Every structure is written in C-alpha cells, then in structure tokens.
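Sequence order for the protein chains is U and Z.
Take 1 as the starting number for the first sequence in this note's numbering and just add one per residue.
Take 290 as the starting number for the second sequence in this note's numbering and just add one per residue.
Just so you know, even glycine gets a beta-carbon here, dropped at the ideal spot from N, CA and C.
If you're wondering where the values come from, they're calculated on a predicted model, not measured in any experiment.
Number of protein chains: 2
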Amino acid sequence: LDCLKTVAIMGVGLIGGSIGWGLRSRGLAQQVVGLGRDPRRLAEAVERGLIDRGTTEPAAALAEAEVVVVCTPVDRIPGDVRRAAELSPAGVLVMDVGSTKRQIVEAVERGPAAGVFVGAHPLAGSELSGAAHARKDLFEDRVCVLTPTLRTTPDRLARAREFWANLGSRVLETTPAEHDEIVAFTSHLPHAVAAALAASVPPPWHPFTAGASRDGTRVARAETELWTAIFQENRGPLLRALGAFQDQLARFKYAIMTDDPAAIQAWWNEARRRRLAFESQATKGAPDG
Amino acid sequence: LDCLKTVAIMGVGLIGGSIGWGLRSRGLAQQVVGLGRDPRRLAEAVERGLIDRGTTEPAAALAEAEVVVVCTPVDRIPGDVRRAAELSPAGVLVMDVGSTKRQIVEAVERGPAAGVFVGAHPLAGSELSGAAHARKDLFEDRVCVLTPTLRTTPDRLARAREFWANLGSRVLETTPAEHDEIVAFTSHLPHAVAAALAASVPPPWHPFTAGASRDGTRVARAETELWTAIFQENRGPLLRALGAFQDQLARFKYAIMTDDPAAIQAWWNEARRRRLAFESQATKGAPDG
Chain U
1 LDCLKTVAIM GVGLIGGSIG WGLRSRGLAQ QVVGLGRDPR RLAEAVERGL IDRGTTEPAA
61 ALAEAEVVVV CTPVDRIPGD VRRAAELSPA GVLVMDVGST KRQIVEAVER GPAAGVFVGA
121 HPLAGSELSG AAHARKDLFE DRVCVLTPTL RTTPDRLARA REFWANLGSR VLETTPAEHD
181 EIVAFTSHLP HAVAAALAAS VPPPWHPFTA GASRDGTRVA RAETELWTAI FQENRGPLLR
241 ALGAFQDQLA RFKYAIMTDD PAAIQAWWNE ARRRRLAFES QATKGAPDG
Chain Z
290 LDCLKTVAIM GVGLIGGSIG WGLRSRGLAQ QVVGLGRDPR RLAEAVERGL IDRGTTEPAA
350 ALAEAEVVVV CTPVDRIPGD VRRAAELSPA GVLVMDVGST KRQIVEAVER GPAAGVFVGA
410 HPLAGSELSG AAHARKDLFE DRVCVLTPTL RTTPDRLARA REFWANLGSR VLETTPAEHD
470 EIVAFTSHLP HAVAAALAAS VPPPWHPFTA GASRDGTRVA RAETELWTAI FQENRGPLLR
530 ALGAFQDQLA RFKYAIMTDD PAAIQAWWNE ARRRRLAFES QATKGAPDG
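Right, here's the structure in full:
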C-alpha cells in the first residue's frame, strides 16, 4: 500500500470520524487532520484516535492535504468542496460522501474544483450520528459508489478507487443521476417508509410491538436536518420511488378488500422472492446512508 | 414452581418447538408430547430435545394432557382446539398461539371447548419458521397477550397467566377484538410494508442496498400460506392500519412535492419522537409474530 501523507477530513462525525480511524488503524495515512467548528469535539476525536489533530481553521487543515474528504451535510457540500480545492495543493484529490450526487456534482463541476473532484457515497451511514458512533471498520465489506463524469480526470478517479478499496470497501461506479435514482429506492424510500410506520402506531400500543415493527422503524430516529436536506436534494427520484411503493401497497390493499387469497399469495410470493434474492447476494449486515 | 405433568403441543414448529424446549429446560413439565403429521420431523424434535416424545395420533397425545397448546396455522386453530378439548381430560387448559384472536375465540366459544380455552398470542414469531429455528429462550422478556372473555373461567385464566410467566414472558390482557386492532398496526401492517418495500426495489439495484432496506424488508421472507391466512383473518383492522399508514405517507409525499422543508421537518420530527418513545420502553430485541 502507498501511504498517503496528509488526509484532511471536513466534518468529523460518524462518517468522517470512521474514515479517519480506518485510515489510521490500517496505516494508510501519515497524518489525518480533522476540520470542524467545535474545538472541544475535535479534541475528543483526537483523544479517541479518530484523527491525529483537529483545527477550526480551513487553511491550517488543507494546506498540505493530498486527499480531502468532505463529510458535511448535503446542502453544504458544494461550497465546502470549492473551498477545499482552493486551499489545498494543486495535486489534491477532493471527495465528498453525500447521500445524493446529481445536484452536488453539477454544482461542483460549474466551478474550478471539477478537475480535482470525485463524487463518492459510502453506503455505510446509520441512524446513529456523530463521532461517538464512529467505527474503524465501518467501510469494510460495504459498497462505496463513485460517480465520475466526463470531466473527472482518470488520475483522480484511480486514486479515489484505491482510497475506498484500501478502507475495505467494494467500489461501484454509476453516473450521478443513476446513483440518485437507485438510492431513492434502496435508501431514501426505506427511510420514508420507516418514518411513516413509526408515525402510524399509537404510543399506547408500543408494548405490543415486536420485531417486524422494531426493525421496520429503526432508521426513523435518524437526524431531522440531515434527512430533510437529502429528501429535498433528491425530490424527483424520491417521488418516483414513493409512487412505485404506493402502487405495491395499493395492490395488496385491493387483494385484502376483495378477500382474494390467490391475489394475496401471488403478491406476497413476488415480494418474498425479491427478499430471498436480495439475501443471497447482500453485502454484510448493519447500517445505511 | 408447580411442575405440570403432561403438556401436549399440537404443531411442533418454531413456536411449538420453542414452547416444548422452554418447558423442558426450565423443568416446568414432567413430559412434553408433540402432536404432528410427519413422524420424521417429530423424531428430529425429540432428538433435539424440544419434546419428550412425538406422535401422529391425537388421542395418544392428548389422553393425559394437563395443558394443550395449539400451534397450528390460524385457519386450523378452531378445529384443533375443539379436538383438543374433546380428547383431553376434563381439567385440561387449552390455549392457542395464533396471531389473530377475534375469529378464533368466537369460533371456539360457539362450541363446548369454551370452558377450557384461553386465547393466547406470544409476540415472539419470526420470519424464520420450523422447529429448526426453535429456541429455548424464545419467550423470555417477550410479551404474551391473553384474550379472555366473559366465558373464560378464572381458573383457566390464572393457569394460562402462570404458564407464560413461567416461560419468562410478560403477560398482557386485552379483548380479542382489541388484540386484533392493535396487532394490525404493530405486526400485520409492518409485514405488509416490508413486502411492499421488497417488491419495490428492482433486483439489479440490490448491490446498492444497505441497512435501512435490509432491515425494512427482513420479514418479507415469512411464509406465504401462514401470512395469507393471518391477513384474511384480520381484514377489517388491517385495512384501517393500511389506511393510517397510507395517510402518513401521503402527507410526506405532499411535503416533497411542494418542496416544503418545514413540512418535511415537522413530519419527520413527529415520526422520530414516536420511534424514540418506542425505544425508551421497548421489550428486548429480535423477531415478531
């Protein structure tokens, strides 16, 4: 493995903290610098071994960065990527880890950061946020989606692939628009459905709840601001995913209304086949983003 | 603890097998007899220690039973309860473990089994079925709902409470109709939602799926026949639960369509509060029924 000299992480939360810890524990970087807004939290991150040092000064964090990973909320990413490209050495690779890609990549590519940027989305988030939940193995055996475009330089793309592969991830590539269409179904829709399910059960009935409901509502505790921004960034694909889901549920409801066991069975069998197909090729357990 | 003499289990699958194993491992019964249709499977259950002996002859299983637990699919329960009451000694307590209660209890109480019967539903099922997945601690720290009526004798109700408490469960009581209304929201709706979610994601996109989708579709692999029967038995409450869920999802979709961050946040916050309230008082992890 080639060891990176300095990696800068903008936003040391669950994802940023786990990247830092993963790089350090695998000996992938000589120095990991965390850029944040709260000196106390940065000191905690240093103490816990997630980063080597922390600073609230962008210039201090970025001046020597060989790689910058922008781990801020989706609505702040384009501005942060632009700043990272301006304040870092010319050879820098800048990546983000946002849960949406089309608007972010378009915004970045309207400016001069295009030549150093590769959009990335590690599918490794969680309903738990913050550096306190960081894990050094968060990206092992997980998928990381890269979204190169015609403006992405082959050199930066190769370095981005290597970066995530070295953290243990399986790297997949799509266009930014394909990425957003896919994750609308595989991540954003499941989050909306979990919240609708949580909101449907009257609290006095909570003691009667077991596994299906518990698992089905887990991600409904995710952060409001984070997810509002994600949903807003991905409105079009999300509306299509919601429509497809509503159609499925309407088919089931019709089979129940008409008391048609053959229709219920056919519907359930189709869903069951999909779930079994998913299990047979799924990557390893746990959280989402 | 008073040790029961003979407990008969009709249907030695996940639930029946776990009851037998739980009784035996806790020394709660001198003898557990399994009644089934497949001699080979019964022999396996004996070998694995779930039951003391197995038989395909109802009379042989029931002749000395002090307690009979009917663990067959919901559409077979009323007939099996009737048979159990006929073939067992006069003092017998007969319980079922069906996921619906109103139709079952009504059917049983139209006949002479009413005097020995108590409807029960341990909230401990799973998307995995069959005795192979039985666990001796399946009912520990889980809720078991009993659904006594005016026709239930106090003696049988007290014995039913003791039976489940001895297996480690927390016993709650509702009317049969209340039970069905509640589990339509806390169990049947989450199963329907999981299946609709599984059916909504095109298989080529499965590699892009992480935790929210994996957890949200887990129970979609449950048995088709079992769940078709449950849905059919609980049509009225299930349609109300589906309606409540569809209303929640429609509110979210409208907030996305109108691109209204305040409405998205308010909706998500309400769901998030519900989920956090649930977590703060939930019983321990795992499966559902």
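Assigned with DSSP and collapsed to three states, U:V67 falls in strand. Within the region 111-183 of chain U, complete alpha helix (DSSP H) segments of at least 4 residues are found at 154-166, 176-183, given in chain order.
Secondary structure note for U:K253: its alpha helix (DSSP H) is the uninterrupted segment 235-257.
Between the region 529-548 of chain Z and the region 215-226 of chain U there are fewer than three inter-stretch CB-CB distances shorter than 8 Å, so the stretches are not counted as touching.
Boundaries of the alpha helix (DSSP H) around U:R102: 102-109.
Distance from the CA of U:T149 to the CA of U:R102, rounded to the nearest whole angstrom, comes to 10 Å. For Z:G343, the pairing in a beta bridge is given by DSSP as Z:G323.
Rounded to the nearest angstrom, the Cβ distance from U:G20 to U:G36 is 11 Å, too far for a contact under 8 Å.
Nearest neighbour of Z:E467 by Cα position, chosen from U:P204, U:D155, U:H191, turns out to be U:P204. Against Z:P479, the close residues of chain U are L197, A212, S213, G216, in the order they occur along the chain (beta-carbon pairs closer than 7 Å). Secondary structure of U:A90 (DSSP, three-state): coil.
Contacts between Z:V508 and chain U, judged by CB atoms closer than 9 Å, involve G211, A212, D215, G216, R275 in chain order. Going by DSSP, U:A8 is part of the beta strand (DSSP E) stretching over 4-10. Residue pairing from DSSP places Z:A318 in a beta bridge opposite Z:L293.
DSSP lists no bridge partner for Z:D504.
Within the region 525-548 of chain Z, the residues whose Cβ lies closer than 9 Å to some Cβ of chain U are L527, L528, A530, L531, G532, A533, F534, Q535, D536, Q537, L538, A539, R540, F541, K542, A544, I545, M546, D548, listed in chain order.
For U:D96, the pairing in a beta bridge is given by DSSP as U:V70.
With a contact defined as Cβ atoms closer than 8 Å, U:E233 and U:V74 qualify at about 5 Å.
CA-CA distance, Z:V434 to U:Q281, rounds to 37 Å. For U:E223, no alpha helix (DSSP H) encloses it, and the DSSP letter there is neither H nor E. In terms of Cβ geometry, U:A277 and Z:H495 form a close pair [threshold 9 Å]. In the three-state DSSP reduction, Z:A499 falls in the coil class, being neither helix nor strand. The shortest C-alpha to C-alpha distance from Z:V381 to any of Z:E355, Z:Q320, Z:R365 is the one to Z:E355. Residues of the same chain with a CB within less than 7 Å of the CB of Z:V460, apart from the 5 flanking positions on each side, are C433, L435, R450, W453, A454 in chain order. Pairwise C-beta distances place the region 183-192 of chain U out of contact with the region 36-48 of chain U, as fewer than three of them are shorter than 8 Å. Per DSSP, reduced to three states, the secondary structure at U:V201 is coil, with no helix or strand assignment. With a beta-carbon spacing of about 19 Å, Z:L427 and Z:G343 fall beyond the 8 Å limit used to define contacts. For the region 85-114 of chain U, the set of residues with a beta-carbon nearer than 9 Å to any beta-carbon of chain Z is empty. Z:C360 is classed as buried because its beta carbon has at least 16 other beta carbons within 10 Å across all chains shown.
For the region 412-436 of chain Z, the set of positions with a beta-carbon nearer than 9 Å to some beta-carbon of chain U reads L412, A413, G414, S415, E416, R431, V432, V434 in chain order. Interface annotation, Z:A511: in contact with chain U, CB-CB separation under 9 Å. Taking C-beta atoms as the reference points, U:G211 and Z:S458 fail to come closer than 9 Å. When DSSP states are grouped into helix, strand and coil, Z:D364 belongs to the helix group.
If you ignore the 5 residues before and after U:A63, its C-beta comes within less than 8 Å of the C-beta of L87, S88, P89, all in its own chain and listed in chain order. Inter-residue distance for U:H121 and Z:M384 is about 52 Å (C-alpha atoms, whole angstroms).
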